[in-house]
Structures are given as structure tokens and as C-alpha cells.
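Residue numbers (the working numbering): 6 to 144.
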């Protein structure tokens with residue numbers, strides 16, 4: 006599979022999986038993983054969160070993280086392992102772009118001061134297809 010085809014496949018897997026397991030590094034170099042809703046625009050990946058969460062503190066200390074998608078109920082059976090650096094941003098245009106009604110459970114609206122976006126910049130994405138396909142995308 007060439008790089009362009011792999012990129013299209015990765016974007017399709019991102020489309021098919023609304024949730025993923027997001028891993029950060031806690032103090033003491035211990036991993037911490039939690040489920041999060043995943044938003045994306047191509048290979049630009051975003052997670053919405055509260056600025057007062059532990060994950061935001063962890064990312065300020067160590068911006069390296071991973072995101073695992075796929076193979077869960079309600080998602081596709083293809084798997085993505087994404088290694089990325091993460092920036093915590095309150096960029097208004099990005100907050101508006103990611104905002105949807107499902108976030109109303111946690112935030113008053115896209116202008117809520119506690120609402121931030123985790124912007125993932127993938128450095129490596131490993132794709133494992135349900136039928137044995139495999140590919141590695143690297144920036």
C-alpha cells in the first residue's frame with residue numbers, strides 16, 4: 006500500500022471510530038489511559054477536554070502521547086496506533102470547529118473557559134487492517 010493510499014485508509018478508520026484510548030505519562034513516568042471522543046480533519050486529530058483535568062497537567066510536563074483506535078463495539082475492526090505530540094489550545098476557531106451538542110454534558114458552550122482542545126500532531130501511525138493489511142505512516 007503506497008503512502009497516499011495508506012493516508013486515505015487511516016482517514017477512513019478515523020471516520021469509523023468516534024472513540025479511542027488516549028494515553029499520557031503521569032508523574033513518575035507511569036502511563037495513564039482513558040477513553041475519549043475523537044474528532045479529526047484529515048490527519049489533524051483533536052480531543053476535547055476540561056483544562057482542569059490531570060491529562061492537561063500531564064501533557065504540560067510531557068507532550069508525548071498515544072491514541073489507540075478500533076476493534077471496539079460500535080467502531081470498525083481496523084486498528085490505528087497513533088504516536089503524537091500534543092498541544093493544549095484554547096484557539097477559538099478550533100474550539101468552534103470541534104464543538105458539537107455531545108459536549109454540552111461537560112461545557113456551557115464553545116466559549117466555556119474550561120473547554121480546551123488537545124491538538125495531536127502524529128509522528129507515526131501504524132495501521133493494522135481486519136484482513137491482515139498493515140502499514141506505517143510517518144511524518
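The beta-carbon is built from N, C-alpha and C at its ideal position, and this holds for glycine as well. Predicted model only: the values in this text are computed from it and were never measured.
Margin query: Please identify the residue among 48, 26, 100, 30 whose C-alpha is closest to the C-alpha of residue 62.
Written below: 30
Checklist line | Cβ-based burial, residue 120 [other Cβ within 10 Å; buried from 16] | finding: buried
Check: Nearest-angstrom Cα distance between residue 28 and residue 17?
Finding: 22 Å
Checklist line | Limits of the beta strand (DSSP E) - the one that residue 69 falls within | finding: 69-75
Margin query: Given this structure, state the Cα-to-Cα distance separating residue 49 from residue 66, to the nearest angstrom.
Written below: 22 Å
Next item on the list: Return no unless some Cβ of chain C is closer than 7 Å to the Cβ of residue 8.
Entry: Absent here is chain C; the protein component of the structure consists of one chain.
Notebook entry, point to check: Expressed to the nearest angstrom, what Euclidean distance is found between the alpha-carbon atoms of residue 57 and residue 64?
Noted result: 12 Å
Checklist line | Nonlocal neighbours in the same chain, by C-beta distance under 6 Å from residue 82, ignoring five residues either side | finding: 76, 135
Next item on the list: Have a look at residue 116 and residue 129 and give me their C-alpha separation to the nearest angstrom.
Entry: 32 Å
Notebook entry, point to check: residue 126 lies in the beta strand (DSSP E); which residues open and close that run?
Noted result: 120-133
Note to self: Buried or exposed for residue 132, going by 16 or more other Cβ atoms inside 10 Å?
What the structure shows: buried
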